[in-house]
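Asker: For reference, the structure I am asking about is given below.
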Amino acid sequence: MDIQLTEEQRQVRDLCREFAEKELKPNARRWDADHVFPREAVRQLAEMGLMGVAIPPEWGGAGMDNVSYAIAMEEISVGCAGTGVIMSVNNSLYCDPLLKFGTEGQKKELLVPFAKGERLGCFALTEPMSGSDAAEMRTVAARRGEEYVLDGSKNFITNGPQADVALVFAMTDKAKKHKGISAFLVPTDANGFIRGKPDEKVGIRASGSCTVFFEGCAIPARHRLGEEGDGFKIAMSTLDGGRIGIAAQALGIARAAFEEARAYAKERKAFGQPISSFQAIQFMLADMATEIDAARLLVWRAASMKDQGVRHSAESAMAKLYASEMSERVTSKAIQIHGGYGYVKEYDVERHWRDSRITEIYEGTSEIQRLVISSSVLKD
Amino acid sequence: MTFEPSELQRAVQETARRFAREKIAPVAAENDRAGRFPLDLVRGLGELGLLAVNVPEAYGGSGAGAVAYVLAIMELAAADCATAVTVAVTNMVGETIARFGSDAQRRRYLPPLASGDFPAGAFGLSEPQAGSDAAAMRTRAVRRGDRWILDGEKQWITSGDVAGVIIVWAKTDPDAGTRGVTAFLVERGTPGLAVGRHEEKMGIRASSTVSLAFDGCEISDAQRLGEVGEGFRMALAALEGGRIGIAAQATGAIRAALDACRRYAKERRAFGRPIAEHQAIAFMIADMATDHEAARLMALRAAALKEAGAPFTREAAMAKLLASEAAQRAVSRAVQIHGGYGYTSEFPVETLFRDARAQTIYEGTSEIQRLVIARELLRDR
Chain A
84 MDIQLTEEQR QVRDLCREFA EKELKPNARR WDADHVFPRE AVRQLAEMGL MGVAIPPEWG
144 GAGMDNVSYA IAMEEISVGC AGTGVIMSVN NSLYCDPLLK FGTEGQKKEL LVPFAKGERL
204 GCFALTEPMS GSDAAEMRTV AARRGEEYVL DGSKNFITNG PQADVALVFA MTDKAKKHKG
264 ISAFLVPTDA NGFIRGKPDE KVGIRASGSC TVFFEGCAIP ARHRLGEEGD GFKIAMSTLD
324 GGRIGIAAQA LGIARAAFEE ARAYAKERKA FGQPISSFQA IQFMLADMAT EIDAARLLVW
384 RAASMKDQGV RHSAESAMAK LYASEMSERV TSKAIQIHGG YGYVKEYDVE RHWRDSRITE
444 IYEGTSEIQR LVISSSVLKD
Chain B
8 MTFEPSELQR AVQETARRFA REKIAPVAAE NDRAGRFPLD LVRGLGELGL LAVNVPEAYG
68 GSGAGAVAYV LAIMELAAAD CATAVTVAVT NMVGETIARF GSDAQRRRYL PPLASGDFPA
128 GAFGLSEPQA GSDAAAMRTR AVRRGDRWIL DGEKQWITSG DVAGVIIVWA KTDPDAGTRG
188 VTAFLVERGT PGLAVGRHEE KMGIRASSTV SLAFDGCEIS DAQRLGEVGE GFRMALAALE
248 GGRIGIAAQA TGAIRAALDA CRRYAKERRA FGRPIAEHQA IAFMIADMAT DHEAARLMAL
308 RAAALKEAGA PFTREAAMAK LLASEAAQRA VSRAVQIHGG YGYTSEFPVE TLFRDARAQT
368 IYEGTSEIQR LVIARELLRD R
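Note that the protein sequences, when read in sequence, are chains A and B.
Residue numbers for the first sequence, in our numbering: 84 to 463.
Residue numbers for the second sequence, in our numbering: 8 to 388.
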């Protein structure tokens with residue numbers, strides 16, 4: 084039992100907190116309003132080693148642990164949740180599976196520049212008719228000599244509009260259902276890779292997402308990640324880590340909303356006194372802070388288990404479920420504390436509320452998390 | 008960073024788990040029905056060091072620390088919340104004497120508290136008209152030479168009838184507010200101390216809850232705990248630790264509910280399959296498991312801070328609030344999952360449902376926890 088942060092973890096926290104305060108927070112409202120990808124901020128994240136936090140230095144990363152990654156994700160998301168998910172996708176959903184399942188050659192070519200943040204990755208699992216039920220996917224990959232040819236489409240692909248390479252899941256043997264899925268590293272400049280127009284989203288509008296189409300898209304066979312049929316396993320194992328990132332993002336969003344609500348409650352007066360002196364407001368703040376702390380402990384526990392190399396599917400799912408649902412409650416209370424001002428764009432809490440909503444959906448809906456948790460709890 | 012217990016902590020946890028399963032669980036339902044204090048379990052708990060987990064070894068305690076204590080209470084509560092609360096109060100009394108008592112007081116009271124020679128320790132703070140607002144207490148202590156005379160009434164005193172020693176808070180300067188409160192160690196059987204009504208409780212029935220009447224109860228100044236006027240501060244300090252104990256107890260209750268549901272949902276069939284295979288049931292179980300993990304981590308964090316000598320006021324209040332509120336949801340869902348059977352004494356979940364209800368009330372209601380948390384949050388930094 085040791086939950087003190089190490090010196091390195093504290094440094095990461097302080098560095099990210101300062102960056103979020105100086106570079107993200109002042110711009111987040113504009114990026115949200117204009118649906119703008121924060122290219123310069125992402126470049127700065129790369130300089131700080133935050134696009135490959137837990138990737139070893141020999142593969143271009145910062146070589147820190149997963150607890151540090153969770154801490155960084157929380158702090159960055161306090162400043163801008165959209166920037167948070169850009170970082171999370173590159174770290175958790177692209178670099179992490181490359182590190183775990185990639186060959187030496189793949190890592191040299193397709194991990195190093197991404198972990199350094201020189202190039203951007205994305206993760207393409209979801210399809211128009213296949214979200215939670217990934218085994219229903221229709222995208223196919225057919226082997227033709229030394230190539231695979233992909234046909235189909237993927238949607239809601241975060242980083243899709245900007246990514247240089249997509250980790251794409253496709254059926255290589257439909258009869259085997261989820262055991263017939265394989266994973267491929269598809270350069271987005273490949274022939275037959277076509278991007279749809281960016282999605283118009285409720286929140287996390289600084290991050291772009293889009294539908295991508297594969298029309299006879301041919302890639303070299305050496306771009307297959309893992310063996311044929313390993314795709315589902317790779318996807319699920321990747322999401323176990325990804326969920327820690329999204330849980331930390333939800334945590335950061337909630338903390339931003341809480342801190343703004345606390346500051347507002349101390350300034351705003353009603354009935355002759357600051358509203359923070361009323362129990363009605365105090366108790367909301369107390370509940371918000373309590374749930375934020377609980378979420379952080381769940382996130383850190385899952386991350387520390389990942390660091391120790393033990394299975395953490397249920398713990399990641401718990402962290403993601405709790406943190407995301409907490410985030411929606413907390414951001415909603417922050418609006419309530421702000422009253423009418425909470426409903427207008429003069430304050431940031433309306434954005435936090437919109438941003439929080441996605442965390443209950445992507446990288447496994449709350450319902451999928453409950454399936455993962457209950458099957459683990461009910462296992463003999 | 009690791010959330011795994013150390014070897015010593017794990018040993019204490021294992022010891023408590025074994026005792027809870029082998030000795031407490033088999034008699035819990037009967038003690039609950041009869042409203043019987045488990046006098047025959049106390050000696051065994053003492054022998055295993057579970058009555059003074061965080062009291063120094065020099066005074067008969069285990070000296071195993073606050074984290075080990077929390078792990079032990081979780082195990083005991085998973086078997087029986089009533090026994091767990093009795094043990095928790097004894098531990099709190101022991102820790103308070105160890106922290107604030109004179110060496111003579113420590114030597115006199117800690118060994119019998121730790122061994123079980125005293126069936127329990129008791130904490131005499133609440134009064135009929137002073138619960139959350141402890142400073143409104145009316146019990147008086149008046150000095151006569153090197154003696155003190157106590158007059159007044161205490162209520163909701165866990166183990167007040169069986170305790171070998173009771174920490175009693177009384178006003179020594181009624182005009183000085185919280186600075187006019189002093190603590191005293193009153194032994195069982197002291198003339199002028201009478202045990203009043205036994206409360207008929209809906210839950211935690213195997214714990215004893217009584218009122219205590221002090222009528223010209225005379226004790227020596229050597230029985231004063233800490234300095235005159237320091238009592239209120241000591242009570243708050245004791246309750247901070249106590250809250251972690253209740254958080255641990257609530258966590259144990261959630262785990263007991265979860266375990267019962269896991270078993271039942273796999274056996275019970277409806278619509279051609281075990282009810283565990285219906286999402287309506289499985290998702291309730293998932294939420295209980297998530298709440299359990301959150302409650303457990305919050306209790307452990309507060310204990311780890313306490314053990315490290317760091318401030319933990321806010322964290323203890325948060326742990327108590329979150330765990331006790333989560334326990335309400337968990338035990339109610341456990342009854343729901345058991346259907347009609349859950350409403351009968353045939354299954355343990357109805358006991359849990361009644362037992363857990365006390366957890367958002369005692370050692371500071373949820374409302375007091377929120378006040379404590381808000382005060383910490385709104386303090387200018």
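The beta-carbon is built from N, C-alpha and C at its ideal position, and this holds for glycine as well.
Please confirm if the region 313-333 of chain A is in contact with the region 377-390 of chain A, defined as three or more CB-CB distances below 8 Å between the two stretches.
Answerer: These segments touch.
Asker: Which first and last residues belong to the beta strand (DSSP E) in which V149 of chain B is found?
Answerer: First-last of the beta strand (DSSP E) with V149 of chain B: 147-151.
Asker: For R288 of chain A, which three-state DSSP category applies?
Answerer: Here R288 of chain A sits in coil by DSSP.
Asker: Kindly indicate which three-state DSSP category A277 of chain B falls into: helix, strand or coil?
Answerer: Correct three-state label for A277 of chain B: strand.
Asker: So, using beta-carbon positions, are D331 of chain A and A406 of chain A closer together than 9 Å?
Answerer: For the sequence presented, residue 331 of chain A should be read as Ala rather than Asp. Yes; because the gap between Cβ atoms is below 9 Å, this pair is in contact.
Asker: Taking the alpha carbon of T22 of chain B as the reference point, which residue from B:G51, B:I261, B:F221 has its own alpha carbon closest?
Answerer: Ranking the options by Cα distance to T22 of chain B, first place goes to B:G51.
Asker: Is it buried or exposed, K183 of chain A, if we count other Cβ atoms within 10 angstroms and call 16 or more buried?
Answerer: Classification of K183 of chain A: exposed, given that the 10 Å Cβ count is below 16.
Asker: Which residues in chain D have a C-beta closer than 8 Å to the C-beta of P318 of chain B? List them in chain order.
Answerer: The chain labelled as chain D is not found among the protein chains of the depicted structure, namely A and B.
Asker: As a quick exercise: from B:R24, B:D228, B:R340, B:G236, pick the residue whose alpha carbon is nearest that of G152 of chain B.
Answerer: Nearest C-alpha to G152 of chain B: B:D228.
Asker: Distance cutoff 9 Å, beta carbons only. Does L404 of chain A sit that close to anything in chain B?
Answerer: Closer than 9 Å: yes.
Asker: Taking C-alpha atoms, which residue in B:E54, B:M81, B:G56 lies nearest to A264 of chain B?
Answerer: Answer by Cα proximity: B:M81.
Asker: Just grab the DSSP bridge partners of C205 of chain A for me.
Answerer: The partner list for C205 of chain A (beta bridge, DSSP) reads A:A249.
Asker: If you draw a straight line from the alpha carbon of I174 of chain B to that of A137 of chain A, how long is it in whole angstroms?
Answerer: Rounded to whole angstroms, I174 of chain B to A137 of chain A spans 53 Å at the Cα level.
Asker: Apart from the five residues on each side of it in sequence, which residues of its chain come closer than 6 Å, Cβ to Cβ, to A333 of chain A?
Answerer: Same-chain partners within the cutoff: A406, S407, S410, T442.
Asker: Would you mind sorting S109 of chain B into buried or exposed? The rule is 16 or more other CB atoms within 10 Å of its CB.
Answerer: That one is exposed.
Asker: Figure out for me which residue from A:K262, A:A217, A:P244 has the closest Cα to the Cα of E310 of chain A.
Answerer: For E310 of chain A, the nearest C-alpha among the options comes from A:K262.
Asker: Please list the residues of the region 363-374 of chain A that have a C-beta atom closer than 8 Å to any C-beta atom in chain B, keeping them in chain order.
Answerer: Here the close residues are Q365, F366, L368, A369, D370, A372, T373, E374.
Asker: Nearest-angstrom Cα distance between G171 of chain B and A330 of chain B?
Answerer: Answer to the nearest angstrom: the Cα atoms are 30 Å apart.
Asker: A311 of chain B touches chain A at which residues, Cβ-Cβ below 7 Å?
Answerer: Per Cβ cutoff of 7 Å: M84, I86.
Asker: In whole angstroms, what separates the C-alpha of A129 of chain A from that of V119 of chain A?
Answerer: Straight-line Cα distance between these residues: approximately 18 Å.
Asker: If you measure from the beta carbon of M325 of chain B to each beta carbon in chain A, is any gap under 9 Å?
Answerer: So, interface residue.
Asker: Specify the secondary structure class of Q87 of chain A as computed by DSSP and reduced to three states.
Answerer: Looking at Q87 of chain A - three-state DSSP - the assignment turns out to be coil, as it is neither helix nor strand.
Asker: Could you spell out the range, first to last residue, of the beta strand (DSSP E) harbouring Q162 of chain B?
Answerer: Per DSSP, Q162 of chain B belongs to the beta strand (DSSP E) from 154-165.
Asker: Using the Cα positions of G55 of chain A and H306 of chain A, report the straight-line distance between them to the nearest angstrom.
Answerer: A question about residue 55 of chain A goes unanswered here, because the residues of chain A that appear run from 84 up to 463.
Asker: Quick check: the region 106-123 of chain B against the region 36-46 of chain B, are there 3 or more CB pairs under 8 Å?
Answerer: Touching, no.
Asker: Out of B:L232, B:D294, B:A363, B:L157, state which residue places its alpha-carbon closest to the alpha-carbon of K327 of chain B.
Answerer: Comparing Cα positions, the closest option is B:A363.
Asker: Buried or exposed: where does Q245 of chain A fall if 16 or more other Cβ atoms within 10 Å of its Cβ makes it buried?
Answerer: So Q245 of chain A ends up on the buried side.
Asker: Closest Cβ-Cβ distance between W436 of chain A and chain B: below 9 Å?
Answerer: No, W436 of chain A does not count as interfacial toward chain B.
Asker: Mind pulling the beta strand (DSSP E) runs of 3 or more residues that sit fully within the region 258-339 of chain A?
Answerer: Entirely contained in the region 258-339 of chain A, the beta strand (DSSP E) runs reaching 3 residues are, in chain order, 264-270, 276-278, 292-303.
Asker: Do I444 of chain A and Y347 of chain A have their CB atoms nearer than 9 Å?
Answerer: Their beta carbons are not under 9 Å apart, which means I444 of chain A does not touch Y347 of chain A by this criterion.
Asker: Which residue from B:T97, B:A324, B:R204 puts its Cα closest to that of K161 of chain B?
Answerer: Checking every option, the nearest Cα to that of K161 of chain B belongs to B:R204.
Asker: Kindly indicate the opening and closing residues of the beta strand (DSSP E) around W176 of chain B.
Answerer: Note, W176 of chain B: beta strand (DSSP E), 172-178.
Asker: Looking at chain A, is there any beta carbon in it that lies within less than 9 Å of the beta carbon of V74 of chain B?
Answerer: For V74 of chain B, the answer is yes, since a Cβ of chain A falls inside 9 Å of its Cβ.
Asker: Please determine, among B:R28, B:L120, B:T93, B:S13, the residue with the shortest C-alpha to C-alpha distance to P63 of chain B.
Answerer: Ranking B:R28, B:L120, B:T93, B:S13 by Cα distance to P63 of chain B puts B:L120 first.
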